[in-house]
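Everything on this sheet refers to the single structure shown next.
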Amino acid sequence: MTYLAKSPWLIHYDASSCNGCDIEVLACLTPMYDVERFGIINTGNPKHADIFVVTGGVNEMNRAVIQNIYNQMPDPKVVVAVGICACSGGVFRECYNIAGGIDMLIPVDVYVPGCAARPESIIDGIVTALGILEEKRKKNVHSPEVIDRGYPEHQRDARGGAQ
383 MTYLAKSPWL
393 IHYDASSCNG
403 CDIEVLACLT
413 PMYDVERFGI
423 INTGNPKHAD
433 IFVVTGGVNE
443 MNRAVIQNIY
453 NQMPDPKVVV
463 AVGICACSGG
473 VFRECYNIAG
483 GIDMLIPVDV
493 YVPGCAARPE
503 SIIDGIVTAL
513 GILEEKRKKN
523 VHSPEVIDRG
533 YPEHQRDARG
543 GAQ
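In case it helps, our numbering puts the sequence shown at residues 383 to 545.
In structure tokens:
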């Protein structure tokens, strides 16, 4: 994996879990695991986030929140479902208030199963997400929407920016 030009920013949301996976996600930020060594920055603002880490399953109370966070994130974005609840609804999937995993609401790029998912697995999933994010950025650079930045044709250089 080559290094990204911009440090990826990560936003974490606990949908509806027992908080076991949340504790493990927070453990990734401690010096023992130090996920920041990969250049990842934790943010609370979805408008700055590149990676959306979700723990817990979807229910009626958080459905709109998850969709809102996802919609506010700029493209390209990557979604990581951490824990079996986020992947499929987990042990709560048959409960009356659980609709299922995150992928029933938004597209998921990386699944990190486990109950609770281990910090090593979470970090591996986030590193996998970094590779997917890099590929999405490469594809996005060559798309006409990105190259056409609103400059008139005669004012664009070869990369699509202003001269």
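Glycine residues also receive a C-beta, built at the ideal position from the N, C-alpha and C atoms. All values derive from a computational prediction rather than experimental measurement.
Nearest residue (CA-CA) to Ile488, options Ile514, Phe434 and Lys521 = Phe434
query = Among Arg475, Pro458 and Val509, which has the Cα closest to the Cα of Ile466?
reply = Arg475
task = Select from Ile505, Trp391 and Asp416 the residue whose C-alpha is nearest the C-alpha of Asn427.
result = Trp391
ask   = Pick from Glu406, Val492 and Val473: whose alpha carbon is nearest that of Val509?
value = Val492
key: Assigned secondary structure, Ile422 (DSSP; H/G/I helix, E/B strand, else coil)   = coil
message = Output needed for Ser470: all residues of its chain with C-beta closer than 6 angstroms, excluding positions within five of it in sequence on either side, in chain order.
response = Gly483
ask   = The beta strand (DSSP E) spanning Leu392 covers which residue range?
value = Trp391 to Asp396
ask   = Does the separation of the CB atoms of Asp547 and Asp416 fall below 8 angstroms?
value = A query on residue 547 cannot be resolved here, the shown segment of the chain reaching from 383 to 545 and no further.
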